[in-house]
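Trainee: Here you go, one structure.
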Amino acid sequence: MSVAVVPQRLGLAGYGICFAGIVWREVLRFLHQRERFLAALVRPLVWLFIFAAGFRQVLGVSIIPPYQTYVLYEVFVTPGLVGMIQLFNAMQTSLSMVYDRETGTMRTLLLSPFPRSFLLLSKLAGGVIVSLLQVYVFLLIAYFWEIELPPIGYLTVLPALLICGLMLGAIALFMSSVIKQLENFAGVMNFVIFPMFFASSALYPLWRIKEANPLLYEICRANPFTHAVELIRFAMYGQLEPMSLAVVLLFTALFLAAAIYAYNPSKGMLGRRGEAR
Amino acid sequence: MTPPLRSVVDPDALEIRGLTHRFGQTVALDDVSLSVPRGTFVVLLGPNGAGKSTLFALATRLYDNASGHIRILGHDVRREPMAALKHLGVVFQSRSLDGDLSLEQNLIYHASLHGINRRTARELAARALDKVGLAQRAHDKVRALSGGQARRVEIARALLHQPSCLLLDEATSGLDVASRESVLSMVRGLVSQEAVGVLWATHLVDEVAAQDSIVLLHKGRVLFSGRGPALMALAETDSLRSAFLRLIGRDGGAEAP
Chain H
0 MSVAVVPQRL
10 GLAGYGICFA
20 GIVWREVLRF
30 LHQRERFLAA
40 LVRPLVWLFI
50 FAAGFRQVLG
60 VSIIPPYQTY
70 VLYEVFVTPG
80 LVGMIQLFNA
90 MQTSLSMVYD
100 RETGTMRTLL
110 LSPFPRSFLL
120 LSKLAGGVIV
130 SLLQVYVFLL
140 IAYFWEIELP
150 PIGYLTVLPA
160 LLICGLMLGA
170 IALFMSSVIK
180 QLENFAGVMN
190 FVIFPMFFAS
200 SALYPLWRIK
210 EANPLLYEIC
220 RANPFTHAVE
230 LIRFAMYGQL
240 EPMSLAVVLL
250 FTALFLAAAI
260 YAYNPSKGML
270 GRRGEAR
Chain P
0 MTPPLRSVVD
10 PDALEIRGLT
20 HRFGQTVALD
30 DVSLSVPRGT
40 FVVLLGPNGA
50 GKSTLFALAT
60 RLYDNASGHI
70 RILGHDVRRE
80 PMAALKHLGV
90 VFQSRSLDGD
100 LSLEQNLIYH
110 ASLHGINRRT
120 ARELAARALD
130 KVGLAQRAHD
140 KVRALSGGQA
150 RRVEIARALL
160 HQPSCLLLDE
170 ATSGLDVASR
180 ESVLSMVRGL
190 VSQEAVGVLW
200 ATHLVDEVAA
210 QDSIVLLHKG
220 RVLFSGRGPA
230 LMALAETDSL
240 RSAFLRLIGR
250 DGGAEAP
């Protein structure tokens, strides 16, 4: 009946094409949204140029691993700001998924014949790759601000960034499935991003927090974002923090499973609420 | 491409049998059955809230049906989602193109979701855009299109992977009269040219033509299934419009304002 042969490939090659297509779209969309790129860079740079410059007079950082000498506060805070870039990017990706769901783009994605978990993972990977672009541009600017990592650090930080991006993305993906509408999202940003960022080792070393408030110290230690920051911090100096790696991997698996469950057509949350549109 | 054994009889583009779905206590669909053979245009007619959108959500597997079957070209969407979705094209009621990307980029993205590589996708996209009369605009951003043009791109996209079954949910909503006409006649044309089965969901009686099959859905139930003349005979009126209103109980009786 139809003239041409349908060129759909649903084997291994098809998976590759599908994955590449989803990642390509995420990157393309990011590059087209210049304000988003700018905001993603300006945010950590404001912290670095203004907050850190002022704060270094107040807070001295003693020699703690992985640092071998006294470091400037700017140097200490850099891994935290890298984590912040990834955190914001993950939340933005999940925000766009809630938006996608309202417009119908999410439904277009889910119409693909490939398994849903694969589609979600690809989408997640797209977000992580976008965050890598942001992080490396930030590190480049920071380099000219005399925050220099050992050359190998720029390479060894890459796997840490991938894992942390996946974890934050999985958390965000799960959130996107539970949040019903965009309006709820602003609140969640406040209740998720800020507590996660401030109750972590991003801005101050944990031993300092322990002196000030033992309870807050415990909260910080339980915060997965702390471990993401520490994993990145050590990786920047070519070292591995096994504890942080374990925690980050565990949270990744946990939230990924939860997100896939939530998007599963027979078990998930989408059907229960009668979200027919 | 050898056909499976069971298609001794050509399977319908879409076949729905005994479909029931509840949200909590509310019954959204109650024992709904309908079929769309290939090369036919079936209108799913119903007022807002009749259950059309729920039916679309189930057919596109946004979530699973509790009971009953939905088959696309003979493949059950729950049991063989990959085989079923492969043959399905959908135009949703809400806009679903990326405004920041060009027409071609949107289509290439969609093609990749179906495992079609970039080179083939370019060719298919050019052909599809030509079919809907937008070949010249391939490199423009979607944002620059009018509502009617964007709808045509969505139809081109839904057909890109050459599905046998095309579902359209209120595809003309938000369009002016001229664009509505052109979108509708374009889709009707496809039915005969490409041998796709089309399920056209709408609440507008004017979109029904004399030769169309009609499935009348109201409060989750199929009230009538057949052609226009039979519908008018059933309602004992001489226009489709009044037949529709009479069957859904809004024909100016007690509840009219």
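Order-wise, the sequence lines are chains H and P. Heads up, the first sequence is in numbering that gives the first Met the number 0, so the first residue is 0 and it goes up one at a time. Heads up, the second sequence is in numbering that gives the first Met the number 0, so the first residue is 0 and it goes up one at a time. Here a beta-carbon is modelled for each residue, glycine too, at the ideal position from N, C-alpha and C.
1) List, in order along the chain, the chain P residues whose C-beta lies closer than 8 Å to that of Arg297(H)?
2) Considering only residues of the region 68 to 98 of chain P, which uninterrupted beta strand (DSSP E) runs meet the minimum length of 3 residues and lie entirely inside it, listed in chain order?
3) Just checking my contact of Leu21(P) with Ala12(P) at CB under 8 Å: how many whole Å lie between their CB atoms?
4) At a CB distance below 8 Å, what residues from the region 228 to 260 of chain H approach chain P? Give them in sequence order.
5) Where DSSP assigns a beta bridge to Ala200(P), which residues make up the other side?
6) For the candidate residues Phe193(H), Phe137(H), Tyr260(H), whose alpha-carbon lies nearest to that of Leu172(H)?
7) Specify whether the region 3 to 21 of chain H and the region 121 to 137 of chain H touch according to this definition: at least 3 beta carbon pairs, one from each stretch, less than 8 Å apart.
8) Does chain P have any CB closer than 9 Å to the CB of Tyr98(H)?
9) Going by the DSSP bridge assignment, what does Val35(P) pair with across the sheet?
10) Assuming Ser212(P) is part of the beta strand (DSSP E), what are its boundary residues?
11) Would you call the region 79 to 93 of chain P and the region 31 to 47 of chain P touching, i.e. three or more CB-CB distances under 8 Å?
12) Here's the rule: buried if 16 or more other CB atoms are within 10 angstroms of the residue's CB, otherwise exposed. What is Gly225(P)?
13) Measure the Cβ-Cβ separation of Gln7(H) and His160(P) and say whether it is below 9 Å.
14) Based on the DSSP output, what are the partners of Ser101(P) in its beta bridges?
15) With a cut-off of 8 Å on the beta carbons, I'd call Leu216(P) and Ala49(P) a contact; round off their distance for me.
16) Look up Phe113(H) in the DSSP assignment and say whether it is helix, strand or coil.
17) Name, in chain order, the residues that DSSP records as bridge partners for Ser95(H).
18) Given a cut-off of 9 Å, decide if Leu123(P) and Ala110(P) are closer than it, judged by their beta-carbon atoms.
19) Does the region 225 to 242 of chain H come within contact of the region 75 to 86 of chain H, defined as at least 3 CB pairs closer than 8 Å?
20) Please confirm if Ile15(P) has its CB atom under 9 Å from at least one CB of chain H.
21) Would you check if the distance between the CB atom of Pro264(H) and the CB atom of Arg60(P) is smaller than 9 Å?
22) Using a C-beta to C-beta distance shorter than 8 Å, which residues of chain H count as neighbours of His109(P)?
23) Cutting at 6 Å between CB atoms, please list the residues of its own chain near Gly219(P), excluding the five before and the five after it.
24) Quick check: Val26(H) and Trp46(H), are their CB atoms within less than 9 Å of each other?
25) Considering just the uninterrupted stretch of the beta strand (DSSP E) at Phe223(P), what are its terminal residues?
26) Measuring alpha carbon to alpha carbon, tell me which residue in Met81(P), Ala242(P), Leu57(P), Ser212(P) is nearest Ser37(P).
27) Please say whether Ile63(H) and Pro213(H) have beta carbons closer to each other than 9 Å?
28) I'd like the list of long-range same chain contacts for Ala82(P), defined as Cβ closer than 6 Å, with 5 residues on each side in sequence excluded.
29) Using a Cβ-Cβ cut-off of less than 9 Å, list which residues of the region 105 to 129 of chain H approach chain P; keep chain order.
30) Starting from Val191(H) and walking both ways along the alpha helix (DSSP H), at which residues does that stretch end?
31) In or out: Phe193(H) buried (at least 16 other Cβ within 10 Å) or exposed?
32) Gly17(P) to Ile69(P), Cα distance in whole Å?
33) Is the Cβ of Thr119(P) closer than 9 Å to any Cβ of chain H?
34) Roughly how many whole angstroms lie between the Cα atoms of Ala275(H) and Arg106(H)?
35) Can you tell me the Cα-Cα spacing of Glu147(H) and Trp206(H), whole angstroms?
36) From Phe143(H) to Met166(H), what distance separates their C-alpha atoms?
Mentor: Looking at the atomic coordinates:
1) As shown, chain H starts at 0 and ends at 276. That puts residue 297(H) outside it, with no answer to give.
2) 87 to 90
3) For the record, residue 21(P) in the displayed sequence is Arg; it is not Leu. Incorrect: roughly 27 Å between the Cβ atoms, too far for contact.
4) none
5) Leu43(P), Asp168(P)
6) Tyr260(H)
7) yes
8) no
9) Leu13(P)
10) 212 to 217
11) no
12) exposed
13) yes
14) Lys140(P)
15) 4 Å
16) coil
17) Paired residues: none, contrary to the question.
18) yes
19) yes
20) no
21) yes
22) Thr107
23) Val26, Ala27, Leu28, Asp29, Gly50
24) no
25) 220 to 226
26) At residue 37(P) the sequence reads Arg, which differs from the Ser that was named. For Arg37(P), the nearest C-alpha among the options comes from Ser212(P).
27) no
28) His74
29) Met105, Arg106, Thr107, Leu108, Leu109, Leu110, Ser111, Pro112, Phe113, Pro114, Arg115, Leu118
30) Counting along the chain, Val191(H) falls outside any alpha helix (DSSP H), and DSSP gives it neither H nor E.
31) exposed
32) 9 Å
33) yes
34) Low confidence applies here, because Ala275(H) scores a pLDDT of 40, under 50, leaving its location unreliable; read the following figure in that light. Taking the straight line joining both Cα atoms gives about 11 Å.
35) 25 Å
36) 30 Å
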